[in-house]
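Comments concern the structure below.
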Amino acid sequence: MARYNFRDAEAKWQRVWADRGVFRATEDTGRPKFYVLEMFPYPSGRLHVGHARNYLLGDVLARYKMANGFNVLHPMGWDAFGMPAENAAIASNVHPADWTFENIRVMGDQLRLLGLSYDWSRELATCTPEYFRHEQKMFLDFLKAGLAYRKESWVNWDPEEHTVLANEQVIDGRGWRSGALVERRKLTQWFLRTTRYADELLDAIKTLDRWPDRVRVMQENWIGRSEGAHIRFRLVDRDDTLEVFTTRPDTIFGASFCAISADHPLAETVAAGDPEAAAFIEECRTLGTSEEAIETAEKVGFDTGLRVRHPFLEDVALPVYIANFVLMEYGTGAIFGCPAHDQRDLDFARKYRLPVTPALWPVDAQVLSDAAIQALGAETQSAFDVDPLQDLAQHGSVFHVRNTAFTDTQSDRYGYHLGPLAAAPTVMGVAEAKRVVVNALEAAWTGDSAITYRLRDWGVSRQRYWGCPIPVLYREDGTMVPVPDDQLPVTLPPDIDWSQPGNPLANHPTWKHTTCPHTGQPAVRETDTFDTFFESSWYFARFCSPNAETGFDATATDYWMPVDQYIGGIEHAVLHLLYSRFFMRALRDCGYRIVEEPFAALMTQGMVVHETYRTGTGEWVFPEEIVSGADGALTRQADGEPVARGRLEKMSKSKKNVVGLEKIVEAYGADTARLMLLSDSPPERDLEWTDSGIEGAWRYVNRAHRLVSEPPVPLTPIGTPPPNRFAEDADALRRVTHRTIAAVGDDLQGFRYNRAVARIRELTNAIAESKPGEGMDWAMREALESLVLLFNPMMPHLSEELWQILGHTELAAEARWPEADPALLVDETVTIAIQVNGKLRTTLDLPKDAEEESVRTAALAADPVVRATEGKTVRRVIVVPNRIVNVVVA
RNA sequence: GCGGGUGUGGCGGAAUUGGUAGACGCAGCGGACUCAAAAUCCGCCGCCGGCAACGGCUUGUGGGUUCAAGUCCCUCCACCCGCACCA
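First residue of the first sequence? That's 8 in the numbering used here, and the numbers climb one at a time after it.
Here's what the structure looks like:
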């Protein structure tokens, strides 16, 4: 028998699938739909086996669902705008478009090599005008709806990519792709109003019950809703107020200062008349935003000399500082400091010798007199430990809200009614205290309850060429004019001079010059392009009707959306996944008919990691550059430099541990690579790529081929009805077969692909051990056919080949998933574990559902049990039907 | 600091959700076939003691609940990830 020729077989079946349009999807209301999508790639060059895993995980599900009668949509495309294309253009003078389309060609071929079940007729690339013209239209709709706007603000500037980055794209103070330290710049930029949907996006996270918890938590944290209050402090000797945000209005009686951001308007007012203040502000702005800078930066402030009145204590005035730790972007850019209940405020108070006044006590603490509070505050610089109070605050214990302002007489004195404060008990919980204080603020017109979000509006302007042009112009008088719909798309000029730094569109000699469509006046185009996350925020909708005249055809999205299973990397937990959720809602509010939640279920797959090697100086080394000496020491062949095995790392070019996809497919075939990538590790976890692993998968592929080509027992012809009787062995094989069918189905549905592989191997082992006997020829055909169909989602080419060898003329890809016979899933006998005092002594094979009394008798009579219970009294015998017997002795 | 997660043989990982810990695979050891190698096939394979039958121990640590704990509760330890001058 010839060995499995995977090269011919894989090419042949890929051709057959394509010719017959097996994976072509069309709307069919008669069948349930299933939309499987893997996050589409950026066409950066070549795929390695690590990339392949992602697509494979979706492919297995798509094929499984197809076999189970679902109408499956499984498309693929290219997130084709982005910096790397421009970098290539600058480095080697290729046009970004040429570079991108060449990569698309190469990577598309690589994907086809793997035999993935894509409907290639829906392929799209986001850098084509046919695609991005629709998002230009969407943007204009956003503009009309007030969801897009332009403003001058401080932004994150990536000095390496020469462009602005969104907050989500700044990781630890560095650009998410360049790794360059991000600078702050004040620029006029386009924003999308994501904050309008903060609450909706937050609330709807609850409905995403098929998303990983950690992604949901990350989005919740990112939106960062905080409930609290705005408090307006009256400025002394000025007809103005200072508004602060706090989550702890209950600590207002412990306030000892206010602090404002260096970017706060009031700070600028002060700076205008005070050079020292201006210098301090300048100093604050040069401070870095990286983690190290923040951790080491001392909390410093500048006393503006301004004072504000305490909202409740007439005779108390608080100093106003400009402080380097107050962020203009959060809340109102101003805070009040309560040193007794906040570590950072305490640090600040100690430094500037400000009073530390406790406002809250544990419920069992002695209620102090005003004098005692003063005394305590005075010595608090070192003695008063705030931590236990913070601790209690976290855990919701009851506190004394202890302040003389909270009495009727005082409310009379201040000339306003304190409402619930008058009747307030002196002891109340933190939550109640917050409420009481907010009510008092509202009654006195000095504050309101307020909610603040960490989420910022999405800055979408990028000062780059290879992106979608923002479709607006500016007249000479500065008026912004949207490009009329009938003049879309605004396309990119092909001729770019890459020798100049900065934004290539702004540098282009003619492109930006145009005329106003309404007045005919000279005008200039917006030279910024969209953030590339703009394209990926709606591509899944485009896949439903890739040739529609509009962005998407609502009847198609009605049928296909939402994506039933989305698969991709955790790195998009708050980038792409949040933007897409926002985008759907923004489109909805512009009159588009689309679902609000685009991804019903999400799976975040682990990385493929591989061993690395480095020299003593930390240089990465390719494994093939290394030679092993007689003593086992590793050195670099070229220069004899000692080399040590490094950590397992995600495959990347820079770490020199990439395993190329073609190389593996060439040597072992797509199915072997697929099996390797699906075995061993569960999909969410990292998978270690090893040579022995691929060898093991290769062995299995050949073993399966051999087993079906030369079965251990001859088979009955196709369609033979089952015999009346099966010998014990044949019956046992049938039970294994049907148990495996049931288990593999469950495992595939639950993304436990590694376990499904293990079950399939078990069935393979059982088949290989089978001997001739009555009914075995029939059971053998049943087992082999089931096996071949069960591993079809994982190894589709081998499955087709063997399905044909088994005599079938239709395709395995189009065959129905085998059905498990419930009658064969229950055994007639069960193995019962027998324990004495919880320790296993023996096992007994007994009839299923045997009488408890007879099980008990059999257990007590078993030799090991007799030995273990000798001379002891049997106190209890616990019998769990069909499971276990535990004999308790003393 | 806040939040989330993980910890099981030499390795990747299973364990019907409280009921025989270590499925399946990798590596390793022994054997068959072969002039030899590869491939293939058969056997062994958590640790300790024992020729063996068998006994003891074992799921990061220590405790608890239970007839019974990898699984539930508490304590501590280690590692990984996310967010963070967020008021």
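Each residue gets a CB set at the ideal place from its N, CA and C atoms; glycine is no exception. None of these values were measured; they are calculated from a predicted model.
Residue 226 bridges to which residues according to DSSP? Per DSSP, none; premise fails for residue 226.
Who pairs with residue 579 in a beta bridge, going by DSSP? In the DSSP secondary-structure assignment, residue 579 is not bridged to any residue.
Residue 122 versus 93, 741, 215, 18, residue with shortest Cα-Cα distance: Sorting 93, 741, 215, 18 by C-alpha distance to the C-alpha of residue 122 places 18 at the top.
Starting from residue 489, trace the beta strand (DSSP E) both ways and give me its first and last residue. It spans 487-489 - the beta strand (DSSP E) in which residue 489 sits, taken as one unbroken run.
Quick check on the burial criterion: 16 or more other C-beta atoms within 10 angstroms. Buried or exposed for residue 318? By the neighbour-count rule (16 or more Cβ atoms within 10 Å), residue 318 is buried.
Return the first residue and the last residue of the beta strand (DSSP E) that residue 617 is part of. First-last of the beta strand (DSSP E) with residue 617: 615-617.
How should residue 684 be labelled, buried or exposed, when 16 other C-beta atoms within 10 angstroms of its C-beta is the threshold for buried? Residue 684 is buried by the Cβ-count criterion.
According to DSSP, which residues form a beta bridge with residue 264? Residue 264 is bridged by DSSP to 344.
Give the DSSP-derived three-state secondary structure of residue 329 in the structure shown. Strand, per DSSP.
At what residues does the alpha helix (DSSP H) containing residue 842 begin and finish? First-last for residue 842: 836-843, but that is the beta strand (DSSP E), not the alpha helix (DSSP H).
Residue 337 to residue 594 span [Cα, whole Å]: When rounded, the separation of the alpha-carbon atoms in residue 337 and residue 594 is 27 Å.
Inspect the beta-carbon positions of residue 515 and residue 496 and report whether they are closer than 8 Å. Not a contact, by the Cβ cut-off of 8 Å.
Drop a sphere of 10 angstroms on the beta-carbon of residue 217, count the other beta-carbons inside from all chains shown, and report buried for 16 or more, exposed for fewer. Exposed: under 16 other Cβ atoms inside 10 Å.
Extract the residue ranges of the beta strand (DSSP E) inside the stretch 478-543, only unbroken runs of 3 or more that lie entirely within it. Runs of the beta strand (DSSP E) lying entirely within the stretch 478-543 and spanning at least 3 residues, in chain order: 479-482, 487-489, 520-522, 529-532.
Which residue or residues does DSSP assign as beta-bridge partners of residue 3? Given that the chain is displayed from residue 8 to residue 897, the structure contains no residue 3 and the question cannot be resolved.
Classify residue 804: buried if its beta carbon has 16 or more other beta carbons within 10 angstroms, exposed otherwise. Residue 804 comes out buried.
For residue 236, which option in 255, 22, 229, 226 has the closest C-alpha, if you only look at C-alpha atoms? Cα-wise, what sits closest to residue 236 is 255.
Which residue wins for smallest C-alpha separation from residue 758, given the options 636, 58, 574? Residue 574 holds the alpha-carbon nearest to the alpha-carbon of residue 758 among 636, 58, 574.
Within a Cβ cutoff of 8 Å, which residues of the same chain sit near residue 667, ignoring the five residues on either side of it in sequence? Excluding residues within five positions, the ones whose Cβ falls inside 8 Å are 53, 55, 56.
Express the C-alpha separation of residue 735 and residue 765 in angstroms, rounding to a whole number. The alpha-carbon atoms of residue 765 and residue 735 are separated by roughly 25 Å.
CB residue 264 to CB residue 284, shorter than 8 Å? No, Cβ-Cβ distance for residue 264 and residue 284 is not below 8 Å.
Whether residue 143 touches residue 466 by CB criterion (8 Å): No.
Secondary structure of residue 151, DSSP reduced to three states: The answer is helix: DSSP assigns residue 151 an H, G or I state.
Let's see if you can read the secondary structure: which residues bound the alpha helix (DSSP H) around residue 79? For residue 79, there is no enclosing alpha helix (DSSP H); the residue is part of the beta strand (DSSP E) that begins and ends at 78-80.
Limits of the unbroken alpha helix (DSSP H) element including residue 272: Counted as a single uninterrupted DSSP element, the alpha helix (DSSP H) harbouring residue 272 occupies residues 272-279.
Residue 67 and residue 800 - do their beta-carbons sit closer together than 8 Å? The answer is yes: Cβ separation under 8 Å.
Could you give the residue range of the beta strand (DSSP E) that holds residue 200? In the DSSP assignment, residue 200 falls outside any beta strand (DSSP E), carrying neither H nor E.
Where residue 38 falls: helix, strand or coil (DSSP): Residue 38 falls in the coil class under three-state DSSP.
Close beta carbons around residue 907, own chain, < 6 Å, minus the five adjacent residues each side: Given a span of 8 to 897 for the chain in the structure shown, any question on residue 907 remains unanswerable.
Can you name the residues that DSSP bridges to residue 572? BP columns for residue 572 point to 43.
Hey, could you find the ends of the alpha helix (DSSP H) residue 602 is sitting in? Neither: residue 602 is in no alpha helix (DSSP H) and is coded neither H nor E.
Provide the residue span of the beta strand (DSSP E) that contains residue 238, from first to last. Looking at the DSSP string, the run of the beta strand (DSSP E) that includes residue 238 is 233-241.
Which residues in the same chain have their Cβ closer than 8 Å to the Cβ of residue 884, if we skip the five residues on either side of it in sequence? Excluding sequence neighbours, residue 884 sits near 863, 866, 867, 892, 893, 894, 895.
Mapping DSSP to helix, strand and coil, what is residue 852? Note: residue 852 maps to strand in three-state DSSP.
For residue 182, count the other beta carbons within 10 Å of its own beta carbon; 16 or more makes it buried, fewer makes it exposed. Which is it? Classification of residue 182: buried, given that the 10 Å Cβ count is 16 or more.
Report, in whole angstroms, the separation of the C-beta atoms of residue 48 and residue 114, which I expect to be a contact under 8 Å. Your pair residue 48 and residue 114 checks out as a contact, with CB atoms roughly 7 Å apart and the cut at 8 Å.
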